[in-house]
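A short worksheet on the structure shown next.
Protein chains: 6
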Amino acid sequence: MSDPSAPATRSWADLSGPALDAALSERSIAVVPVGAIEHHGPHLPLRTDALIAEAVAFAAVTRAAASGLDVWLLPTVSYGKSDEHYWAPGTVWLEGTTLLEQLVEIGRSIALTRARTVVFVNGHGGNVMLLGWLNRELRRRFGLRSFSMSAGAGGAGDGLEGRPDELGQGIHAGFAETSVVMHLAPGLVSPDLPPRNVPERIAGLRHIGFNAKPVMFGWTSDDFGPTGVIGDPTGANAAHGRELFERGVAFVADALAEIDGFVYG
Amino acid sequence: MSDPSAPATRSWADLSGPALDAALSERSIAVVPVGAIEHHGPHLPLRTDALIAEAVAFAAVTRAAASGLDVWLLPTVSYGKSDEHYWAPGTVWLEGTTLLEQLVEIGRSIALTRARTVVFVNGHGGNVMLLGWLNRELRRRFGLRSFSMSAGAGGAGDGLEGRPDELGQGIHAGFAETSVVMHLAPGLVSPDLPPRNVPERIAGLRHIGFNAKPVMFGWTSDDFGPTGVIGDPTGANAAHGRELFERGVAFVADALAEIDGFVYG
Amino acid sequence: MSDPSAPATRSWADLSGPALDAALSERSIAVVPVGAIEHHGPHLPLRTDALIAEAVAFAAVTRAAASGLDVWLLPTVSYGKSDEHYWAPGTVWLEGTTLLEQLVEIGRSIALTRARTVVFVNGHGGNVMLLGWLNRELRRRFGLRSFSMSAGAGGAGDGLEGRPDELGQGIHAGFAETSVVMHLAPGLVSPDLPPRNVPERIAGLRHIGFNAKPVMFGWTSDDFGPTGVIGDPTGANAAHGRELFERGVAFVADALAEIDGFVYG
Amino acid sequence: MSDPSAPATRSWADLSGPALDAALSERSIAVVPVGAIEHHGPHLPLRTDALIAEAVAFAAVTRAAASGLDVWLLPTVSYGKSDEHYWAPGTVWLEGTTLLEQLVEIGRSIALTRARTVVFVNGHGGNVMLLGWLNRELRRRFGLRSFSMSAGAGGAGDGLEGRPDELGQGIHAGFAETSVVMHLAPGLVSPDLPPRNVPERIAGLRHIGFNAKPVMFGWTSDDFGPTGVIGDPTGANAAHGRELFERGVAFVADALAEIDGFVYG
Amino acid sequence: MSDPSAPATRSWADLSGPALDAALSERSIAVVPVGAIEHHGPHLPLRTDALIAEAVAFAAVTRAAASGLDVWLLPTVSYGKSDEHYWAPGTVWLEGTTLLEQLVEIGRSIALTRARTVVFVNGHGGNVMLLGWLNRELRRRFGLRSFSMSAGAGGAGDGLEGRPDELGQGIHAGFAETSVVMHLAPGLVSPDLPPRNVPERIAGLRHIGFNAKPVMFGWTSDDFGPTGVIGDPTGANAAHGRELFERGVAFVADALAEIDGFVYG
Amino acid sequence: MSDPSAPATRSWADLSGPALDAALSERSIAVVPVGAIEHHGPHLPLRTDALIAEAVAFAAVTRAAASGLDVWLLPTVSYGKSDEHYWAPGTVWLEGTTLLEQLVEIGRSIALTRARTVVFVNGHGGNVMLLGWLNRELRRRFGLRSFSMSAGAGGAGDGLEGRPDELGQGIHAGFAETSVVMHLAPGLVSPDLPPRNVPERIAGLRHIGFNAKPVMFGWTSDDFGPTGVIGDPTGANAAHGRELFERGVAFVADALAEIDGFVYG
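Residue numbers (the working numbering), protein chains in the order written: chain P, 1 to 265; chain S, 1001 to 1265; chain V, 2001 to 2265; chain Z, 3001 to 3265; chain E, 4001 to 4265; chain L, 5001 to 5265.
Below is the structure:
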C-alpha cells in the first residue's frame, strides 16, 4: 500500500464496492473532508472552507499513503454548519442537527466495512464542536475509532495561524485564511482586500473569547461589522499561504500516522 | 452574462458572497447536482452517480451560460439516498429524511438570495421521488421555483437509455451507465465486466416494474442477485457513453432554457 | 378462500386478532387505501381522493378474493399529503414526513403478522412519490414486499385518464376525476362545473410537465388559477366515470394477481 | 342549519372546499372521530374502537345538527395509539408522537377555516391522555377551542360502563364494549366469548388502578393474561349495548351543545 | 435497608456508581420528582411545583425507607410542560415532546441497573397526561414497572384539595397550593394574595371541566383572567398547608408500599 | 441591586412571575447551572458534576450580586450528556439532541423576559461542545447574548486543574475533582480512593488528546479501564478542593462581570 504512484486508489469512491471491500482491512482509515459554503468577506470565495479541507485532506492522504498508511479519502461534505453567516447572501448552511445526522449516517456506513477508523478533516471553525460531539456518537453507537482535526495546524477554529496583530482573532477571512486561498486558488481571491476588522475589545478581555479562552459566547459574524471578516486580510500573500498549507498537510499527515498506531488506554 | 470565456463565474461558490449577491437577479437559476456513493457492481466506481451528475451539470451549465442564461452551479451533494444498496460494503448512504432535510435547507439558503429558481440535476434513480417531493416543499415554504431532472436524457431513474435486450431494466450499472463512465472516467472502470443480470420475469409483467410501469414496488439491489447489477453491462463502450453523455448535457441545457422562460399557468 | 359470498372476511379489521392471525399466511396480501381530504375545485367533494381509493380498493379486493387471492382490506388512510392545496379552506393535509412515518408504522404492524405483502391503493397524485419511497422503507426495514399503485388505471398521478384536449394535464378535478365521482357519489357533485383550466403553456413545453415528462417541478394548485382545478371538468359524466372506475378496479385486481405471483429476480 | 333532512351536509368532506368555506362560521364545530385498530380479545373485531367512535360521533353530530348546532363531521382517524396491544397480531398501531403530530396537523388545517372549535370523539382509552395533551397544543399554537371526550358516557378510558363485578376494570373487550359491538355490528362478534379476566388484585388496591385511581401505571394488555381482555364479556348483550350506545350518543350530543355555548372564564 | 438513620443513602446520586450498583436489587424503586418552573400568580414562586414535588418525594422516600422499602430518590426534573403559562414572563417551559423524550431517556438509564421499578412524583397538573403516556413507553420499551402520581393526595392535576367554594377548580395557585407553599417556604409567598379567580361558569357545566369531568378542553391560563390564578388563594394558611403536605407525603409513602408489592394480573 | 443581604432574590424561581418581571431589565443575566448524573469512579457520587456546577454558580452569583450585577440563578439542569459513561450502572444520561433541545427551549423562555443575557455554568466536560453549539442557537434564533463556561477555572473539560503527574489528563474523577467534592460534600466521598488511571500513552502523543490538543477523538470512559476514572485521585484533599472551588467561584464571578460589560465588536 506504499506505492506513491497509485494515488487514485486512495479514493474510496473511485473504487468499486467489491474492490474497496477487498482493499479494506481493520487498519484502514477513512478520511472525510468537511467544509462549508459561506460568506468569507468580499474577497474570498464562498467555498473557502471546503476548498481548504479538501486540498489539505487530499495532500495529507497522499502523503500518508506514500508512507505506508492504509488511508482512504471519501468525497467532501461541502455544506456545513454556517449558522453564524446565515445573514449573508450566498451562504448555504445546514442546521447543526442535520449535519450531525448526516455525518452519523456516513459513519454508520463506514462501520459496515472492515475499516474501524474514521477521520474528519475540517475546514470550518463552526463545525469543530459538532465534530467533537460526532466522534463520541460514532464510538458509542458503532464502535468506530473516530477523530476530528482542523485542516490547519492549530487546535481551534480552522486552525490557521494568524498575524500577531490579529490578537488571536484572525478566525475568519483574515491573514492566514486569505493567504492559503491565495496559494490554492489565486484566481478566486479579489485583489481588493477588505480592511482589518479585529474585535479588539474582545481581544482585551480576560475570559471571553473565540478560542483558547475559557468563556465561549454565541455570535453571528455580523455582530462584528458589515464585512463578515474577523481578522486582518491585509498583507496576506500566497507565499505565506503556501507555508501554512504545507504546515497543515504535514500536521494532518502526521496525525494520521499517530492515529494509525493509536490504542486506547 | 453570455460571455463563454468566463465559465469560472458560473460557479456559485467560487465567488465571494458580495460578488455573488451583486451578480444574482430574479432571473438567476441555481443548479445543484445530486449524486450517490453506492455500489455499482464490481466494475464501476462507487461515485458513479455523483460523477455523472456533476459532469452533466457542469457541462450543461457551461453551455447554458454560453447561450445567455443566468445559471449558477453549486457544489455537488455527493451522498444520496442509497438505501437499496445498504447491504454492499462501500455504499455510504443517507436516510431519505436526512437528505430531504439537507436539500430543504440548501433551498432555504438559496431563497435568501435574489435567485428565485433552483434546479436539481440528479445522477441517482433512488433520489428521484425524494426530489419530486422536495420541489413542492421549496415551492410552498419559500416560494421558489424548483425543478428536478435526471442527468440523463430520460424521465425516470437515472435517465440513461439502455440496450433493447435489457428490456427497459438496465437501471443500475448496466449498458448505459457503464458506457457513460467509460467515457467520463475510463480509468475507473474495471475491464472485467460482470455478466448480464436482467430480471426478465419482472420485465414480462404487465403492471409491476421499475419505471414507466404503473405499479411501484420496494426492492433492494440484492433482491436480484449478488452483483447488485440490474441490467447488462456487456458490450458497454466509451463511444456510446459519449453519445449518451452528450445527449444528457443537451437535455439538461435545453431544460434550463425552458426553465428560464417558465411561467406557471 | 375463493368463496365470493363472504366478502366481510376480506376486511382485516372486521376480524378479531386471533381470527385474523389464524386466517393469515405467507401468501396474504394486506391492502391499504390511501386518500386525501383536499380542495377539488368548487364542484367535487373534499374527500374525492379518499372516496375513489376506498371504492376501487374495496371492489378490487372483493374481485381478487373471489378469484382465490388471499387479500385483506385495511381501513383507509383518509388524510394525505395535500400540501399543494394547503391554501384552500377545507383541505386537511399532513406533512409528508408525518404521513410517511404513519405508513411506515402501519407497515411495521403488518410485518408482525404472517402476511409478507402490503399494497397501497392510492387516490391522490400528491402521495405517489411518498409511496414509492415508502415501499423501499418497508422492504429494507421489515423485509416486506411492498407495492403501490394508483386507484385509476394509469401510472402517474391519480391515474385517471383525461380528455385529449386536457393535453395530458387533467390531473386534478378534471374530466376523468369528475366523471368518476359522478358515478360513485352523484349527490356530492355540484351541477355547476367550473370552466376548463388547463395550463396550456406548460402542455406545450418539451421537458417540464406534470407526469411522464422528464422535468418535475414544484407547484401548488393556486399557481394555475383561483379554482384549484387543473384540467377540464366540462362534459364529465357518470357513464364515463363508471367506465373509468371499472377500468381502475380491473387494473388493481389484475395487479393484485400479479403481486400474488411476484418473485424478485 | 337545523334541517334534519340534510344530514349529508354535516359531513365536512362531502362538501367542496368553496361550499364548506361558505358554510362555516365562527360558530362551527369540527368533530373528528379517533379510534384504534387493535386486538380486542378473541371475540371482538380489531376495529372496535374506530367503529364505536365513528358510530357515536355520526349519531351525535346528526342529533346536534338537528337541534340547530353548526357541527361538522370529519373523516375518522382509524389508526390510534395502541402500543399496549403491540404484541397481538392484527393490531396496527402508531407511535404516540406520530399520532399526536398527525392530529396537530389536522387541527392546523381546521384553524385555517372560519371554524374556531374542534372536538375529538374518542373510542380508545389509550388515546385519552394524548388527546388531553393535543387540546392544549391546538389552543396555544392555533388559538382553537379544542375538546376531547370519550364516545361512551364516562370520563375515563373508553367511557363505557361495565358490570359491577368487573370492579371498575372492564376497560377492554369487557361487558360494556362487547355489548355495544353486539348492538352496532352483531355479525362481527364471535359467539364464543372468552372468560372473565379481571385483575382482581389491582381492583383491591387503594391507589394504583386503571381509571379514577390516583396512581397511574404502565402496562401492556398481555400483562394480565393471554386473551388481552380486561373485564368480563360474559353476559354481554345487544340490548344493553344499545342502551350504552344511546347513552354515549346523548352524552356527546349534549356535550356538543355545551361546547357551542362555551366561553372561557 | 430499614435503618432510618441513613437517609443520605436514599439519594441515588449521592452514591457512587459501584456503590449504587451494589445496593440496587430487583426490588429497588427509583423515584423521580417532576416539577415545573411557571407562573403561579403574583404571590407564589415560579418553582412552586418543583418545590412541592421534591419536598413530598423526599419526605415520602424517607418514610418509605424507614419502613423497609428499597426506595431511591433521583434528582428533580425541575423544568416541566408549562405550555399553558407560556405567556407569562418567568415561566420556563419545555415542549411536551422534549420533556417526554428526556423522561424516556431517564427511564432507559434506570432500566440498565438492577432496579425494575420507577415512580414519578409530580407537582404539576400539566405533566399528568404526559406521565401517563410515559409509563407505557417505559413498560413497553424497557420492561420497567413505571408509576406516576401527584405529590398531593388527589388523583388529578396537582392533587391538592381545594376549598369547597373553589368548586373543584382550585387547580392553580389557589387555596390548597398557596397553603402548601406557606408551609414549605413561607418566605417565598407574597402577603398580598390575589383575589379569587374561579371560572364559575365552567364549574356549572355538566360535562366540560378541569378534572373528573368527562370532557377535557384546551386552555392556557390567561384564558381565565390576567393573574393566571385558577382558584381562590384568599384565606390560605400554613397550618392547612402543613396538613395537605402531610397528607401528600402519607399518600405517596403509602403508594410506594403498594408499588413494592405490586404484581400485574 | 447590590444589597448582599438579599441573596434569596437572586433566585429566578423563588420569585413570582410578576415580581421577577418587575425585577428584570435589559441588564439582567440569567445563570443556568448544567451538570450530569454519571459514574465518577468508585469514590465520588454520581451527582458530582451537578453538585459542583450548582455550588460554584450559587456562590458566584451571590458574589456577583453583592458587587452590583443583576444576576439571577435558575434551577440546575441536573441530567446531562453523559454518553461516555452510558455503560456504568447509575449513570442517567440524555442524548445530546435531547439536552440541546431542552436548553434551547429554556433559552427561548428566558428570551421572552426583559433579560437579554444567559450564562451556562457547566460542571461536566461532556457538555462543553454542546454548550458552545447552544450559544450560537440562542444568539441566532432569539437574539440573546449567550455564554458558557466551566465551573472550574480552566477552559476545557470541567475546567478543574489536575496534578502535574496526571499529565493534563486528570479529566474525570481525578485529583482535582475528587478534592473539590471532598471540600463540598466530604460525606459523599469514599475513603477508598481508586488507583491512578492515566492513559499515559495518549499523554505522550503529539496531536491526539483530551483537551488543548489539536486532534479530538471519540471515547467512552471504559476505553481506559474498568474504574471509569481518568486521572489520579490519590492524594486528593479537601484543602486543595477548597482552593480549587474558590478559584472556580472567583473565575465565574469575574466572568460575569466581564459579561455584564460585554459588547460585540
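We treat Cβ as the ideally placed atom computed from N, Cα and C, and that holds for glycine.
Roughly how many angstroms lie between the CA atoms of Thr-1098(S) and Glu-101(P), to the nearest whole one? Your numbering for residue 1098(S) matches position 98 in the second sequence. Your numbering for residue 101(P) matches position 101 in the first sequence. In a straight line, the C-alpha of Thr-1098(S) is about 7 Å away from that of Glu-101(P).
Compare the C-beta of Ala-3111(Z) with all C-beta atoms of chain E and state if any pair is closer than 7 Å. Here residue 3111(Z) corresponds to residue number 111 of the fourth sequence, with the count starting at 1. Contacts with chain E at 7 Å (Cβ-Cβ) do not include Ala-3111(Z).
Please compile the residues from chain E whose C-beta is within a distance smaller than 9 Å of the C-beta of Ser-3148(Z). Position 148 of the fourth sequence, counted from the start, is the residue given in the question as residue 3148(Z). Result: Val-4215, Met-4216, Phe-4217, Gly-4218.
To the nearest angstrom, how far is it from the Cα of Asp-4021(E) to the Cα of Pro-5089(L)? As a first step, residue 4021(E) must be located in the fifth sequence, where it is residue number 21. As a first step, residue 5089(L) must be located in the sixth sequence, where it is residue number 89. Going from the Cα of Asp-4021(E) to the Cα of Pro-5089(L) covers about 6 Å.
Check whether Val-4118(E) and Gly-4125(E) have beta carbons under 7 Å apart: For the purposes of this step, residue 4118(E) is taken as residue 118 along the fifth sequence, with counting starting at 1. For the purposes of this step, residue 4125(E) is taken as residue 125 along the fifth sequence, with counting starting at 1. No, the Cβ-Cβ distance between Val-4118(E) and Gly-4125(E) is not below 7 Å.
By Cβ distance, which residues of its chain are closer than 7 Å to Ala-1075(S), with the 5 residues on each side in sequence left out? For this step, residue 1075(S) is matched to residue 75 along the second sequence. The question names Ala, yet the displayed sequence has Pro at residue 1075(S). The beta carbon of Pro-1075(S) sits closer than 7 Å to those of Ala-1013, all from its chain and outside the five residues before and after it, given in chain order.
Anything in chain E within Cβ reach of His-5124(L), meaning under 8 Å, just list it in chain order. Position 124 of the sixth sequence, counted from the first residue, corresponds to residue 5124(L). The premise fails here: His-5124(L) is roughly 13 Å from chain E at the closest Cβ pair, so nothing lies under 8 Å.
So what does DSSP say about Pro-4045(E), is it helix, strand or coil? Within the fifth sequence, numbered from 1, the residue matching residue 4045(E) stands at position 45. Correct three-state label for Pro-4045(E): coil.
Residues that Ser-2016(V) contacts on chain Z, provided the C-beta gap is smaller than 8 Å: The count along the third sequence starts at 1 and reaches residue 2016(V) at position 16. Using a Cβ-Cβ cut-off of 8 Å, Ser-2016(V) is close to His-3039, His-3040, Gly-3041, Pro-3042, His-3043, Leu-3044, Pro-3045, Leu-3046, Gly-3090, Ser-3190 of chain Z, given in chain order.
Can you check DSSP and say which residues form a bridge with Val-3034(Z)? As a working mapping, residue 3034(Z) is identified with position 34 in the fourth sequence. Looking at the DSSP assignment, Val-3034(Z) forms a beta bridge with Val-3077(Z), Asn-3122(Z).
Please classify Ala-4036(E) as buried or exposed, where buried requires at least 16 neighbouring CB atoms within 10 angstroms. Position 36 of the fifth sequence holds residue 4036(E). Ala-4036(E) is buried by the Cβ-count criterion.
Taking the alpha helix (DSSP H) that Ser-4146(E) belongs to, which residues open and close that run? In the fifth sequence, residue 4146(E) corresponds to position 146, counting from 1. Annotation for Ser-4146(E): no alpha helix (DSSP H) segment contains it, though the beta strand (DSSP E) segment containing it runs 4145-4150.
For the putative contact between Thr-5234(L) and Gly-4017(E), defined by C-beta atoms under 8 Å, what is the C-beta separation to the nearest angstrom? Locating residue 5234(L) in the sixth sequence gives position 234, where the first residue counts as 1. Locating residue 4017(E) in the fifth sequence gives position 17, where the first residue counts as 1. At roughly 19 Å, the Cβ-Cβ gap does not stay under 8 Å, so Thr-5234(L) and Gly-4017(E) are not in contact.
Using a threshold of 7 Å, state whether the C-beta atoms of Gly-3123(Z) and Ile-3202(Z) are closer than that. Position 123 of the fourth sequence holds residue 3123(Z). Position 202 of the fourth sequence holds residue 3202(Z). Ile-3202(Z) sits away from Gly-3123(Z), with the two beta carbons spaced by 7 Å or more.
Counting only Cβ pairs nearer than 7 Å, list the residues of chain V close to Ser-3078(Z). The residue given as residue 3078(Z) occupies position 78 in the fourth sequence. Here the neighbours are Pro-2075.
Which residue marks the beginning of the beta strand (DSSP E) containing Phe-4217(E), and which one marks its end? Along the fifth sequence, read from residue 1 onward, the residue named residue 4217(E) stands at position 217. Segment 4215-4217, the beta strand (DSSP E) holding Phe-4217(E).
So Val-3180(Z) is in the alpha helix (DSSP H); what residue range does that whole segment cover? The residue given as residue 3180(Z) occupies position 180 in the fourth sequence. Taken as a continuous stretch (DSSP letters only), the alpha helix (DSSP H) holding Val-3180(Z) covers 3175-3184.
Exposure of Glu-3200(Z), with buried meaning 16 or more beta-carbon neighbours within 10 Å: For the purposes of this step, residue 3200(Z) is taken as residue 200 along the fourth sequence, with counting starting at 1. The Cβ neighbour count for Glu-3200(Z), taken over all protein chains shown within 10 Å, is under 16; the residue is labelled exposed.
Consult DSSP for His-2207(V) and reduce its assignment to one of helix, strand or coil. Stepping through the third sequence from its first residue, residue 2207(V) is reached at position 207. DSSP, read as helix, strand or coil, puts His-2207(V) in coil.
Under 8 Å between beta-carbons, which chain S residues line up against Ile-2208(V)? List them in chain order, please. As a first step, residue 2208(V) must be located in the third sequence, where it is residue number 208. Ordered by position in chain S, the residues that pass the 8 Å Cβ test against Ile-2208(V) are Phe-1147, Ala-1255, Glu-1258, Ile-1259, Phe-1262.
Can you find the residues in the same chain that come closer than 8 Å, C-beta to C-beta, to Thr-3259(Z), ignoring five residues on each side of it along the sequence? Residue 3259(Z) sits at position 259 when you count from the first residue of the fourth sequence. It is worth fixing the name first, because residue 3259(Z) is Ile in this sequence and not Thr. Its chain contains Ile-3029, Thr-3117, Val-3119, Arg-3145, Phe-3147 as the residues whose beta carbon lies nearer than 8 Å to that of Ile-3259(Z), once the 5 sequence neighbours on both sides are disregarded; these appear in chain order.
Ile-3171(Z) by DSSP, collapsed to three states: which one? Locating residue 3171(Z) in the fourth sequence gives position 171, where the first residue counts as 1. Per DSSP, reduced to three states, the secondary structure at Ile-3171(Z) is coil, with no helix or strand assignment.
Rank Ala-255(P), Ala-239(P), His-183(P), Arg-196(P) by C-alpha distance to the C-alpha of Gly-5265(L) and give the top, closest one. Counting from 1 along the sixth sequence, the entry for residue 5265(L) is found at position 265. Here the closest residue by C-alpha is Arg-196(P).
Residues of chain Z with CB under 7 Å from Gly-4265(E), in chain order? Within the fifth sequence, residue 4265(E) is the residue found at index 265, counting from 1. Result: Pro-3199, Asp-3223, Phe-3224, Gly-3225.
Just confirm the distance between the C-beta atoms of Arg-5140(L) and Asp-5070(L), as a whole number of angstroms; I'd bet it's less than 8 Å. By 1-based counting over the sixth sequence, the position of residue 5140(L) is 140. By 1-based counting over the sixth sequence, the position of residue 5070(L) is 70. That pair is no contact at about 24 Å.
Which residues in chain S sit within 7 Å of Leu-2130(V), going by Cβ to Cβ distance? Start at 1 with the first residue of the third sequence, and residue 2130(V) comes out as number 130. Neighbours of Leu-2130(V) on chain S, chain order: Trp-1133.
What is the DSSP secondary structure of Ser-25(P), counted as helix, strand or coil? Counted from its first residue, the first sequence places residue 25(P) at position 25. Three-state DSSP puts Ser-25(P) in coil, outside helix and strand.
Determine the chain S residues that contact Gly-2096(V) at a beta-carbon separation under 7 Å, and present them in chain order. Your numbering for residue 2096(V) matches position 96 in the third sequence. What Gly-2096(V) touches in chain S: Trp-1133.
Under 7 Å, Cβ to Cβ, is there at least one residue of chain E near Ile-5230(L)? What you label residue 5230(L) is simply residue 230 of the sixth sequence in a count that begins at 1. Output row for Ile-5230(L): interface = no.
Could you check what DSSP says for His-2240(V) in three-state terms: helix, strand or coil? Here residue 2240(V) refers to the residue found at position 240 of the third sequence. DSSP places His-2240(V) within a helical segment (H, G or I) once states are collapsed to three.
Assigned exposure category for Pro-5191(L) - 16 Cβ within 10 Å defines buried: Residue mapping note: residue 5191(L) aligns to position 191 of the sixth sequence, counting from 1. Result: exposed.
CB contact check: Leu-5103(L) to chain P, cutoff 7 Å: Within the sixth sequence, the letter at position 103 stands for residue 5103(L). Under the 7 Å criterion on CB atoms, Leu-5103(L) is classed as non-interfacial with respect to chain P.
Just checking, does the segment 5177-5187 of chain L make contact with the segment 5237-5256 of chain L on the three C-beta pairs under 8 Å criterion? The count of Cβ pairs closer than 8 Å, one atom from the segment 5177-5187 of chain L and one from the segment 5237-5256 of chain L, reaches three, so the stretches are in contact.
Please confirm whether Leu-2193(V) and His-2039(V) have their CB atoms less than 7 Å apart. For the purposes of this step, residue 2193(V) is taken as residue 193 along the third sequence, with counting starting at 1. For the purposes of this step, residue 2039(V) is taken as residue 39 along the third sequence, with counting starting at 1. No Cβ-Cβ contact shorter than 7 Å links Leu-2193(V) with His-2039(V).
Is the CB-CB distance between Val-5252(L) and Ala-5060(L) below 7 Å? Here residue 5252(L) refers to the residue found at position 252 when the sixth sequence is read from its first residue. Here residue 5060(L) refers to the residue found at position 60 when the sixth sequence is read from its first residue. Yes, the Cβ-Cβ distance between Val-5252(L) and Ala-5060(L) is below 7 Å.
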